[in-house]
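Trainee: In full-length UniProt numbering, the protein residues as written are 1 to 327. Yeah, the Cβ is synthetic: ideal placement off N, Cα and C, and Gly gets one too. Bear in mind the structure is a predicted one, so any value in this text is a computation, not a measurement. Let me give you the structure first, and then I'll get to my questions.
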Amino acid sequence: MLLLSGWLAGCSDGEAERRLQAYQQRLASALALSPPEPTTPDNIGAFPERQARRFPLPDMRQGLLDVYALRGCHIGNLVANRNNQLGRVAAPSQRWLYELELWRRLSACWHTEVPESLDADDRQRLARLTQLKTERLPRASWNALFDSSEWADSFSRASSPLPPDALSAVDEQLPALAYLREAALHQLDPNWTTDSATLERHLNTLRQRPLTAELLRALLLAEQRLTEASALLETALARAEDCNAPDQLPDMTSLNRWLTRLEEQSARWLRAIRDLLDAHPLDPPPAVAAYRQRWLSLDNPDAPWSAMVAARQRHQALRQRLSERCR
1 MLLLSGWLAG
11 CSDGEAERRL
21 QAYQQRLASA
31 LALSPPEPTT
41 PDNIGAFPER
51 QARRFPLPDM
61 RQGLLDVYAL
71 RGCHIGNLVA
81 NRNNQLGRVA
91 APSQRWLYEL
101 ELWRRLSACW
111 HTEVPESLDA
121 DDRQRLARLT
131 QLKTERLPRA
141 SWNALFDSSE
151 WADSFSRASS
161 PLPPDALSAV
171 DEQLPALAYL
181 REAALHQLDP
191 NWTTDSATLE
201 RHLNTLRQRP
211 LTAELLRALL
221 LAEQRLTEAS
231 ALLETALARA
241 EDCNAPDQLP
251 DMTSLNRWLT
261 RLEEQSARWL
271 RAIRDLLDAH
281 PLDPPPAVAA
291 YRQRWLSLDN
301 PDAPWSAMVA
311 ARQRHQALRQ
321 RLSERCR
């Protein structure tokens, strides 16, 4: 009945839970101990609220006379589209594309004969507007990512641990992070181009599943179940000093294959997020920096990836100690 209840619990909580609890059951049986009562791992932290994760980017409305004065730069239709009703409610990614195109037109215009044809006030207006748009662009690209529902949903707490057979989702979504990184790195390069369809396609890739959250929750689950299993080994090691080690501990080959792949795929994903954030020439908002350090770090020992790796290493070391105790 105990084995059946554990199996049913594993099925209801997903394949990752089933594998880990099945291993705990085999280990407890080999050690002649009661299996641990599985406790629910803590959920991941809440992703920062919208206002805490984005940069303020007030609208810069251009007057009709200003736009007309700079008509040689061909920004009139672009500004008009941004100022209409659809432009005002555009998605963050589309606002970034607008800022990108406006900067490119202004920057290109500055290097033509147009500035020489302007009076002093209009030439100064063109220089000031070009400089302001240059400074705003990295903030706009940051907001295009952090203000998007696609990105925020990747960190959804309403998620489950990633199933062992779904780790290939990392390979499917990594190109989206790579493209967004390239966009951030090259947005001030006039020779680099993007378009709305390509940008939205990569953002929509992130909609396939809340991958960041699922990976983090799989790491938290594995870390907790391995810690519980290690407590069984410590109990066995603390028994009377007479040699009572089990003839054979349960095989971990299959479980280790999954844990190794979870460790590797999680590290690839977290490195890609790190590289994407670092591609923006900005200090992130404090809430994002704190979330990154607590949940996304590969170096922080308290973050899910490092904690799972440490729990796994400790469990292997305890198995080795118990196996060698009576030799």
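1. In terms of residue numbering, what span does the alpha helix (DSSP H) encompassing Trp258 cover?
2. Helix, strand or coil: how does DSSP classify His111 here?
3. Can you name, in chain order, every residue of its own chain whose Cβ lies under 7 Å from the Cβ of Trp192, other than the five neighbours on each side?
4. Looking at the secondary structure, which residues open and close the alpha helix (DSSP H) in which Asp153 lies?
5. Does the distance from the CB of Leu206 to the CB of Ser154 come in under 9 Å?
6. Among residues of its own chain, excluding the 5 on either side of Leu226, which ones have a beta-carbon nearer than 7 Å to its beta-carbon?
7. For Ser156 and chain D, any beta-carbon pair shorter than 9 Å?
8. Please classify Leu322 as buried or exposed, where buried requires at least 16 neighbouring CB atoms within 10 angstroms.
9. From Leu282 to Pro138, what distance separates their C-alpha atoms?
10. Could you compute how far the alpha carbon of Arg239 sits from the alpha carbon of Ser230?
11. Going by CA-CA distance only, name the one from Ala169, Asp165, Ala152 and Gly72 that's closest to Arg123.
12. Measuring only the C-alpha atoms, how far is Phe210 from Pro301?
13. Helix, strand or coil for Pro286, going by three-state DSSP, please let me know.
14. So, is Thr130 buried or exposed, given that buried needs 16 or more other C-beta atoms within 10 angstroms?
15. Can you say whether Asn256 is buried or exposed, counting buried as having 16 or more other CB atoms within 10 angstroms of its CB?
16. Hey, out of Ala158, Gly45, Asn43 and Ala28, whose CA is closest to Glu37's CA?
Mentor: On the basis of the data shown:
1. In the DSSP assignment, Trp258 falls within the unbroken alpha helix (DSSP H) covering Thr253 to Asp278.
2. coil
3. Taken in chain order, the residues that qualify are His186.
4. Ser149 to Asp153
5. yes
6. Ala311, Arg312 and His315
7. Note that chain D does not occur in the displayed structure, where there is just one protein chain.
8. Leu322 is buried by the Cβ-count criterion.
9. Cα to Cα, Leu282 sits roughly 7 Å from Pro138.
10. One C-alpha to the other measures close to 15 Å.
11. Gly72
12. Residue identity check: residue 210 is Pro in the sequence provided, not Phe. Looking at the two C-alpha atoms, the distance is approximately 24 Å.
13. helix
14. Classification for Thr130: buried.
15. exposed
16. Ala28
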